[in-house]
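Each remark here refers to the structure printed beneath this line.
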Ligand code: 13P
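In the numbering used here, the protein residues as written are 332 to 667.
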């Protein structure tokens with residue numbers, strides 16, 4: 332493993348003013364997204380949608396440092412026969428690959444999940460490197476209520492994340508380590524803070540035990556928000572303050588970049604929260620976005636299956652707003 336090179340890639344993916352486009356929806360998830368515009372998911376429609384995003388300027392050249400791909404897209408060609416990976420690289424962004432095979436129910440713990448995909452991963456990782464991937468992603472999901480998560484769920488998920496991260500680094504691929512504490516439910520923002528704290532504490536212990544070099548990872552956490560059915564919704568400044576407090580307590584300064592998932596927040600909320608953290612606090616890491624829905628919802632509606640110009644205009648706008656938020660320079664008036 333060449334740690335200096337891993338560190339360079341991790342910094343490139345999260346450099347101030349840039350963030351990550353999560354375009355790694357599985358076959359089932361992309362169909363759910365396309366249902367919103369009444370489009371059938373086929374290999375061609377998935378290609379057209381993603382190619383439209385990857386060819387958007389200046390979003391890709393100026394605001395996106397990395398793109399997370401699904402296996403199919405890493406191997407796919409653009410309409411003109413060039414490789415989509417080359418389109419991304421030519422724009423100056425780093426291609427990455429989702430390598431987990433999904434969250435599955437955990438035996439003995441109703442409602443809780445662990446993420447599958449470690450079997451054979453060491454071999455698959457070699458191929459992904461050959462195909463051009465320079466980073467990977469693995470998502471663990473932690474469900475929250477008064478009694479969940481169980482210690483078994485937190486432990487199993489963090490253990491799998493650490494084993495995955497070690498395999499990535501051995502293959503010279505930067506692991507995005509994503510422990511997502513879900514915002515679904517009526518739990519309070521304080522409960523989200525408590526569970527996020529616990530999860531990150533356990534995660535960094537597992538990363539340490541598995542000899543994962545923190546200088547060569549990107550952390551992809553949730554923000555500390557109120558559950559989406561909670562009667563009291565924390566305001567922007569409270570989300571920023573609670574998230575920064577948890578991260579400062581739990582994430583070593585040797586981690587080069589933290590890139591948040593959007594997790595079901597609206598586009599503008601996700602931007603406003605990121606901005607408040609970067610504008611209001613001195614932080615030891617690059618703090619940016621790795622959004623799926625919060626970057627893609629507006630361009631998907633504008634594109635609607637064939638309007639490339641409208642889709643690209645909407646994507647360029649959202650990417651620019653989040654770029655500004657990563658610098659703490661966004662304000663609501665810029666959305667007009
Ligand atoms: P969302 O931003 O839509 O939560 O997706 C990010 C992601 O990559 C989830 O794994």
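All C-beta atoms in this analysis are idealised placements derived from N, C-alpha and C, irrespective of residue type, glycine included.
Going by the C-beta, is residue i closer than 7 angstroms to any heavy atom of ligand 1?
i           : result
residue 599 : no
residue 649 : no
residue 668 : In the structure as shown, the chain begins at 332 and stops at 667. Residue 668 is therefore absent and cannot be evaluated.
residue 479 : no
residue 625 : yes
residue 464 : no
residue 509 : yes
residue 353 : yes
residue 369 : no
residue 492 : no
residue 399 : yes
residue 585 : no
residue 470 : yes
residue 594 : yes
residue 495 : no
residue 539 : no
residue 357 : no
residue 622 : yes
Could you spell out where the beta strand (DSSP E) holding residue i opens and where it closes?
i           : result
residue 621 : 617-622
residue 470 : 466-473
residue 445 : 440-446
residue 352 : 350-354
residue 428 : 425-429
Can you give me the C-alpha to C-alpha distance between residue i and residue j, rounded to a whole angstrom?
i           : j           : result
residue 445 : residue 595 : 20 angstroms
residue 483 : residue 591 : 25 angstroms
residue 534 : residue 610 : 27 angstroms
residue 449 : residue 459 : 15 angstroms
residue 616 : residue 648 : 25 angstroms
residue 333 : residue 440 : 40 angstroms
residue 499 : residue 544 : 11 angstroms
residue 468 : residue 416 : 16 angstroms
residue 571 : residue 411 : 44 angstroms
residue 497 : residue 355 : 21 angstroms
residue 471 : residue 666 : 32 angstroms
residue 393 : residue 348 : 8 angstroms
residue 389 : residue 529 : 39 angstroms
residue 369 : residue 630 : 15 angstroms
residue 565 : residue 409 : 43 angstroms
residue 432 : residue 340 : 24 angstroms
residue 506 : residue 465 : 9 angstroms
residue 413 : residue 372 : 22 angstroms
residue 642 : residue 438 : 43 angstroms
residue 525 : residue 363 : 32 angstroms
residue 553 : residue 405 : 26 angstroms
Which two residues bound the contiguous alpha helix (DSSP H) that contains residue i?
i           : result
residue 457 : 452-461
residue 359 : 358-366
residue 437 : Per DSSP, residue 437 belongs to no alpha helix (DSSP H); it is in the beta strand (DSSP E), 434-437.
residue 414 : From DSSP, residue 414 is part of no alpha helix (DSSP H); its letter is neither H nor E.
residue 611 : 598-611
residue 338 : 334-345
residue 492 : 482-501
Pull up the DSSP beta-bridge partners for residue i, would you.
i           : result
residue 509 : 470
residue 646 : Paired residues: none, contrary to the question.
residue 588 : 549, 617
Quick one: does residue i have its CB under 8 angstroms from some CB of chain B?
i           : result
residue 540 : The question asks about chain B, but that chain is absent: this structure has only one protein chain.
What are the start and end residues of each continuous alpha helix (DSSP H) run of 4 or more residues lying completely inside the segment 511-578, in chain order?
-> 520-540
Completely contained alpha helix (DSSP H) runs for the segment 372-409, where each covers 4 or more residues = 374-385, 402-405
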